[in-house]
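Positions 491 to 569 (our numbering) are the ones given, in order, by the sequence shown.
Backbone N, C-alpha and C fix where the C-beta goes; we use that ideal spot for every residue, glycine too.
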Amino acid sequence: MVGYVTLGTNDPERGYAFYDALLEPLGAKRLMQIESFVLWGSGLDQAGLALTKAYDGKPATVGNGVMVAMQMDNEAQVK
Numbered sequence: 491m492v493g494y495v496t497l498g499t500n501d502p503e504r505g506y507a508f509y510d511a512l513l514e515p516l517g518a519k520r521l522m523q524i525e526s527f528v529l530w531g532s533g534l535d536q537a538g539l540a541l542t543k544a545y546d547g548k549p550a551t552v553g554n555g556v557m558v559a560m561q562m563d564n565e566a567q568v569k
């Protein structure tokens with residue numbers, strides 16, 4: 491049901507180190523990394539966790555930089 495969860499961060503390098511240490515024992519690894527964004531998971535066909543700076547350039551807060559994406563089988567389910 492959940493495709494991925496994105497959390498915002500104001501200190502990417504510190505956050506990446508924290509989630510590397512937290513998620514590795516659970517079998518997750520970095521699946522994707524671009525500037526200011528990392529996605530962890532056990533495979534791209536599984537739910538994942540992403541950490542990024544807020545898209546709007548403002549500081550990450552409880553409501554800024556956070557997103558939950560729901561995985562659907564087809565476009566009709568979205569409508």
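DSSP beta-bridge partners of residue i
i: A559; result: Y494
i: D519; result: Checking the sequence shown, residue 519 turns out to be Lys, not Asp. Answer by DSSP bridge pairing, in chain order: G531.
Option nearest residue i by Cα separation, candidates the options
i: G505; options: N564, L521, F527, Q536; result: F527
i: A518; options: N500, P502, I524, A537; result: A537
Same chain, Cβ closer than 8 Å to residue i, neighbours up to 5 away in sequence not counted
i: Y509; result: V528, W530, L539, L541
i: A507; result: none
Cβ-Cβ separation, residue j to residue i (assumed contact under 8 Å), whole Å
i: G592; j: V556; result: There is simply no residue 592 to check, as the chain begins at 491 and stops at 569 in what is shown.
i: Q610; j: M491; result: Because the chain is modelled from 491 through 569, residue 610 falls outside the range shown and cannot be assessed.
i: K548; j: P502; result: Their Cβ separation, rounded to whole angstroms, is 15 Å, which puts K548 and P502 out of contact at 8 Å.
i: L534; j: L521; result: 6 Å
i: D563; j: N554; result: That belief does not hold up - the Cβ atoms of D563 and N554 are roughly 30 Å apart, past 8 Å.
For residue i, the three-state DSSP class (helix, strand or coil)
i: Q567; result: helix
i: G531; result: strand
i: G538; result: strand
Cutoff 6 Å; reference residue i; Cβ partners in own chain excluding five residues on either side
i: Q559; result: Per the sequence shown, residue 559 should be read as Ala rather than Gln. Closer than 6 Å at the Cβ level, and outside the excluded window around A559, lie G493, Y494.
i: A550; result: G498, T499, N500, A544
i: V552; result: none
Beta-carbon proximity list for residue i, same chain, < 7 Å, skipping 5 on both sides
i: E525; result: none
i: S532; result: G517, A518
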